[in-house]
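Asker:
This is the structure:
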């Protein structure tokens, strides 16, 4: 019903036909609805036919007859261009055109042979009918694709009806193909094979239906009798590709068992190929073999990329099956197909590594008798025929003494080629400089001398020094020097940078489009004031202006540390709060700002220069401004290349943060390599193809080098100018290349493969399928037809995203929600794991909450321990694996931190760099507002906020913003989240909206229905999803460690039920003597913690021994491991005993050399600061004058003060919050002693203590005091 309402009840305009009542469809469907069965399907058919009849009455009339067949017209009629404008049905008109009958059947008037009816010639009512029937058919197709084949297989009756809908028969018996619809609209003048129904049938995995559909098409269109072999092969290939896509999707969905599935499919393929009983079985075998060889190539490429080959059992079985299949045919057609995939999808260097491998399971892919290429292919041929002619003439000049050939050629073409200088220099680089990569290269000194003399005398060559450097392999920077046996990847980068350098050397005018790159290469001082392209920026000012334009008054202030914030309404402060960045107090009262808070006078804080930091190969591509990720990465690649080619001393000055001069080149080279990898990810192409595409971009730069812009834009002196330049560069240069990737690569790879330089490379010719002869094609022996084994870019998620990016500007309406979804996909796909991650955390918190020390979670307990003990149940390992997957997707985004109850906290970079392994501390899995647990908390915060951002965007684009529901974080389930799996959810959506079609005489066409894809994506993944309630910070259950439980608030409750007393010093001393091992202290403290957690609520007899309460009341086997404690400690001593045991534990942890954060672990972040040298010196001198007893008492008292006073955390957003980090430690300790009933230390002892010792130094000061006490005790014993 939802599909019906969206497609049928929402007209595009007020003039459209509308259906306001959906009850008839509801009644026809009945109570038991199954669209895979005949009854529900027939109900939809009946209803749509009723709707069509109603629409006919409203527009052209229900009784209008065709003047040719005299049947009632069921769709928009064709009005012939005769005098009476007679009307016939579309079926008859298509048949007349096919029979070349151009006469009106009624008045016999002849109309032009090339006349085609257009919607402009139709009446308003006819167009109204046409639009309505189009909506009806869209609804019908969505019912078929989403419902009929969604739950199990469609029934045989439904499939039979659908098969009848792809063709129609005229009165004379002529059969035509058409779009799948119940009405005979959209008939094809030439037979067209469409993949829509075939893909649905393949989804049902019922081979007999597929065979029936194929047979029906072949019979109905008389293809076996009338069609030439080429068209027949094309149709077979289209069928194979659809089947192959289905197999590839099935393998991808198999997850960890994909190799097992691939091995099974291999066996099936071999069986079908060798023993097929029908054409359909053979096509199935070929499709299956193609899919399995594609999976084999993936595994081989994975192995080749590793230094050490580890081949698992099923991987070896699959490779052996591939080897058997490839070697079972004489012409090695299948083996060649495997090599094509290796080279074109993963890069030719992968094939070379496999060929040279010593492992027989890998090197069998090599083609014998074909020499390995040492030099990278000549990608300069993007310059065209003139380049190849000049290059060949230079080659001949080097080999023979006659220089006339080159001289005559240069004179002939110099007048009609404005870029001859570039052409000549690149040809020299290719023929002379690049030859140095050959191990056997011998420099032709005489030939180079002749060439140098000729070029030096020829004015057209331009820069003579550059030519000399090219001839002598002495280009700068040193990376451009060609060396023997350089890898193919390195040569590719060297040639691309040389091409770019030579192009940019010809640019002079500052007002040209490419001036920013030229300025960087030349080291022009203007670069220090440039806002470099693709760099991130501060958008605060833009946001502020946008708010003002929308009538929302706001004023920008800055906190004492310079962070910006907005004050609305009147723009003057009336409330106070805390800066989310640094927790400084912000705002004010009575229109007076707090001290240090000032009106923003800094303006925009966007930085000039390079501000990306170090590269992150394979990381997340964050596009800037209006550029999509592909364009942004490409522009950034050329920026980094220009910086690399520039003088280091000037480039170093514009890199932030600063790096040493000797690191600049490697810093930029890392960025260049990361950008190439990023383009591979975005375009789904090999590194070879990316380098080739970038050569095309450089060539377009040369062609557009003269494009003038306002000089202010090329100087990039403001953010606005930078954005305008980026738009111009993308539209003028990048769009012409990256918008037509398939076209460029197909054309240029063919030219490279057939390049006659030193003879065409036979293997390249085979890989890029340059031999298009089809004389040998035999439709009887399909297996050996080369076109059945042609390489193609598979239909993948990345391919669809690339197509959308390249065509987005031309789409109407623009699928903005789809585009935003795809842009955020790398993080959105993690949302589906959240329910299990939260279940893991909830289970661990339930079992470990208040029972675990922070030190244990941080250092002792590891992830392997949780897995081994199945601490979260039998799903423990699976849930941890899912946590690990999400961590990999998010960790590099977490360095910006997140808001917590205690302010904005930054996740330490050292955490973000770590992967989750069996050695990862348990604390990482337990969400907390500080420490390793911040990883979990920040990860949840990021994912929930990403969900909210996309839901807000979806709501604003569709007008549903105010109808979005919300849910608390702890109540979230999969039903609330944008939850999907790439292979099981997105790929079926992509395939369902990717339509192949083959028209006789026209060829194969692949189209994506982006509008339909967006509609289905919204329906499945966004509609009815919820926003997550976050407010100021994310409120989820956090880990509370054992040492964080028994604090001052607990003791206040305990005091209310059982008045507490101090233990005397003699008892405490004896307890300390008896508890000398850390395990004994920890076990005793654990038992006491449990007792206190009960006593604070239940109370008890103050005189009752603690050990009796633990053993008899709580039924615990062990209680206090100190005999003295068992004899003397009663419930009234619980607090004193707890403080003593905690003190003992801390001292023992210091002895075991634990970090200060583990010794006193309950302090908030920021309270573990080192003592300044002056303070440390004065504190040491103060302690030197204290006796051992007094220092021991001070140590115990300071420990108590840190635990019960300093460790108390407060909410920084509370109005009465005070940051105590800068409080004087001993001044507050003195007040604490004065308020104590029976202090162990007289306040006067603190006289002379250092005033510079603050709360934030407390933990480190205690450790220092403990070390001093140990030294004093040791000295006293020795004396």
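In my numbering, the protein residues as written are -13 to 1265. All residues carry an ideal CB built from backbone N, CA and C; glycine is no exception.
Please report how far the alpha carbon of residue 257 lies from the alpha carbon of residue 907, in whole angstroms.
Answerer: As a working mapping, residue 257 is identified with position 271 in the chain shown. As a working mapping, residue 907 is identified with position 921 in the chain shown. Each residue's Cα considered, the two are about 51 angstroms apart.
Asker: Roughly how many angstroms lie between the CA atoms of residue 419 and residue 380, to the nearest whole one?
Answerer: For this step, residue 419 is matched to residue 433 along the chain shown. For this step, residue 380 is matched to residue 394 along the chain shown. About 12 angstroms.
Asker: CA-CA distance, residue 1247 and residue 897?
Answerer: As a working note, residue 1247 is residue 1261 in the chain shown. As a working note, residue 897 is residue 911 in the chain shown. Using only the alpha carbons, I get a separation of about 27 angstroms.
Asker: Measure the beta-carbon distance from residue 1027 to residue 818 and round it to whole angstroms, keeping in mind my assumption that it falls under 8 angstroms.
Answerer: Here the question's residue 1027 lines up with position 1041 in the chain shown. Here the question's residue 818 lines up with position 832 in the chain shown. Contact flag wrong, Cβ pair sits at about 31 angstroms.
Asker: One question on the structure: do residue 384 and residue 361 come within less than 8 angstroms of each other, judged by their Cβ atoms?
Answerer: By one-based count along the chain shown, residue 384 stands at place 398. By one-based count along the chain shown, residue 361 stands at place 375. No.
Asker: Quick check: what's the CA-CA separation for residue 117 versus residue 671?
Answerer: The count along the chain shown starts at 1 and reaches residue 117 at position 131. The count along the chain shown starts at 1 and reaches residue 671 at position 685. Each residue's alpha carbon lies about 40 angstroms from the other.
Asker: At least one CB of chain D closer than 8 angstroms to the CB of residue 639: is that the case?
Answerer: Although the question refers to chain D, the structure presented lacks it and comprises just one protein chain.
Asker: Among all the DSSP beta bridges, which residues are the ones paired with residue 1084?
Answerer: Residue numbering aside, residue 1084 sits at position 1098 when the chain shown is read from its first letter. Residue 1084 pairs with nothing; no bridge assigned.
Asker: In this structure, what does DSSP give as the bridge partners for residue 596?
Answerer: Locating residue 596 in the chain shown gives position 610, counting from the first residue. Partner(s): 641.
Asker: What residues in its chain sit with their C-beta under 7 angstroms from that of residue 961, if we drop five residues either side in the sequence?
Answerer: Here residue 961 corresponds to residue number 975 of the chain shown, with the count starting at 1. Result list for residue 961: empty, nothing under 7 angstroms.
Asker: Quick one: residues in its chain with C-beta nearer than 7 angstroms to the C-beta of residue 1240, no 5 flanking neighbours on either side, listed in chain order?
Answerer: For the purposes of this step, residue 1240 is taken as the residue at position 1254 of the chain shown. Answer for residue 1240: 1207, 1208, 1209, 1210 and 1211, listed in chain order.
Asker: Check this for me: beta carbons of residue 339 and residue 290, under 8 angstroms apart or not?
Answerer: On the chain shown, position 353 is the one that residue 339 refers to. On the chain shown, position 304 is the one that residue 290 refers to. A contact, by the Cβ cut-off of 8 angstroms.
Asker: The alpha helix (DSSP H) that contains residue 619, what's its start and end?
Answerer: Taking the first residue of the chain shown as position 1, residue 619 is located at position 633. Counting along the chain, the alpha helix (DSSP H) containing residue 619 begins and ends at 615 to 631.
Asker: Can you tell me which of the three DSSP states residue 118 falls into?
Answerer: Stepping through the chain shown from its first residue, residue 118 is reached at position 132. Three-state result, residue 118: helix.
Asker: Do you know how far the Cα of residue 869 is from the Cα of residue 940?
Answerer: Position 954 of the chain shown, counting from 1, holds the residue named residue 940. Position 883 of the chain shown, counting from 1, holds the residue named residue 869. Spanning the two alpha carbons is a distance of roughly 27 angstroms.
Asker: Do the segment 1129 to 1145 and the segment 1223 to 1230 make contact, defined as three or more Cβ pairs closer than 8 angstroms?
Answerer: Not touching, per the Cβ criterion.
Asker: Identify every residue that forms a DSSP beta bridge with residue 1014.
Answerer: In the chain shown, residue 1014 corresponds to position 1028, counting from 1. According to DSSP, residue 1014 bridges with 953.
Asker: Taking the beta strand (DSSP E) that residue 550 belongs to, which residues open and close that run?
Answerer: Translated into positions along the chain shown, residue 550 becomes position 564. Run containing residue 550: 550 to 554, per the beta strand (DSSP E) assignment.
Asker: Going by C-alpha distance, which of 1048, 571 and 910 is nearest residue 1204?
Answerer: For the purposes of this step, residue 1204 is identified with residue 1218 of the chain shown, where counting begins at 1. Measuring from the Cα of residue 1204, the nearest candidate turns out to be 571.
Asker: If you compare alpha carbons, which of 300, 243, 288 and 233 is closest to residue 271?
Answerer: Translated into the one-based positions of the chain shown, residue 271 becomes position 285. Comparing Cα positions, the closest option is 233.
Asker: Among 932, 735 and 903, which residue has its Cα nearest to the Cα of residue 816?
Answerer: In the chain shown, the residue the question calls residue 816 occupies position 830. Nearest of 932, 735 and 903 to residue 816, Cα basis: 932.
Asker: Return the chain-ordered list of same chain residues with a C-beta closer than 7 angstroms to the C-beta of residue 1249, the five sequence neighbours on each side being excluded.
Answerer: Here residue 1249 is taken as the residue at index 1263 of the chain shown, counted from 1. Counting only Cβ-Cβ distances below 7 angstroms, and skipping sequence neighbours, we find 1136, 1142 and 1145.
Asker: In angstroms with no decimal places, state the Cα-to-Cα distance between residue 63 and residue 151.
Answerer: The residue given as residue 63 occupies position 77 in the chain shown. The residue given as residue 151 occupies position 165 in the chain shown. In a straight line, the C-alpha of residue 63 is about 20 angstroms away from that of residue 151.
Asker: In three-state terms, what does DSSP make of residue 1009?
Answerer: Translated into positions along the chain shown, residue 1009 becomes position 1023. Residue state, collapsed to three classes: coil.
Asker: Who are the near neighbours of residue 1015 in its chain, counting only those whose CB is closer than 6 angstroms to its CB and skipping five residues on each side?
Answerer: Position 1029 of the chain shown, counted from the first residue, corresponds to residue 1015. These residues qualify, in order along the chain: 952 and 954.
Asker: With a cut-off of 8 angstroms on the beta carbons, I'd call residue 1108 and residue 1044 a contact; round off their distance for me.
Answerer: Mapped onto the chain shown, residue 1108 falls at position 1122. Mapped onto the chain shown, residue 1044 falls at position 1058. 21 angstroms between Cβ atoms; not a contact.
Asker: So the beta strand (DSSP E) residue 885 belongs to, where does it begin and stop?
Answerer: For the purposes of this step, residue 885 is taken as residue 899 along the chain shown, with counting starting at 1. Unbroken beta strand (DSSP E) run through residue 885: 884 to 886.
Asker: CB residue 367 to CB residue 741, shorter than 8 angstroms?
Answerer: Numbered from 1 along the chain shown, position 381 holds the residue referred to as residue 367. Numbered from 1 along the chain shown, position 755 holds the residue referred to as residue 741. Yes.
Asker: For residue 638, tell me which candidate among 650, 94, 188 and 749 has the shortest Cα-Cα distance.
Answerer: If you number the chain shown from 1, residue 638 lands on position 652. Residue 638 has its Cα closest to that of 650, out of 650, 94, 188 and 749.
Asker: Short check: CB of residue 587 to CB of residue 543, under 8 angstroms?
Answerer: As a working note, residue 587 is residue 601 in the chain shown. As a working note, residue 543 is residue 557 in the chain shown. No, Cβ-Cβ distance for residue 587 and residue 543 is not below 8 angstroms.
Asker: If residue 493 sits next to residue 691, beta carbons under 8 angstroms apart, how far is it from one beta carbon to the other, in whole angstroms?
Answerer: Sequence index remark: in the chain shown, residue 493 carries index 507 (1-based). Sequence index remark: in the chain shown, residue 691 carries index 705 (1-based). Right, the Cβ-Cβ distance comes to about 6 angstroms (below 8 angstroms), so this counts as a contact.
Asker: Please name the residue in 428, 429 and 454 whose C-alpha comes closest to that of residue 440.
Answerer: The residue you call residue 440 lines up with position 454 of the chain shown. Closest by alpha carbon: 454.
Asker: Contact check, residue 328 vs residue 286 under 8 angstroms by CB: the rounded distance?
Answerer: Here residue 328 refers to the residue found at position 342 of the chain shown. Here residue 286 refers to the residue found at position 300 of the chain shown. Going by Cβ atoms, the distance from residue 328 to residue 286 rounds to 6 angstroms, so yes, they are a contact pair.
Asker: Give me whichever residues DSSP pairs with residue 694 in a beta bridge.
Answerer: Here residue 694 refers to the residue found at position 708 when the chain shown is read from its first residue. Per DSSP, 498.
Asker: In or out: residue 700 buried (at least 16 other Cβ within 10 Å) or exposed?
Answerer: Within the chain shown, the letter at position 714 stands for residue 700. When all chains shown are included, residue 700 counts as buried.
Asker: Looking only at C-alpha atoms, which of 13, 1131 and 1096 sits nearest to residue 1117?
Answerer: Locating residue 1117 in the chain shown gives position 1131, where the first residue counts as 1. For the residues 13, 1131 and 1096, the minimum Cα distance to residue 1117 belongs to 1096.
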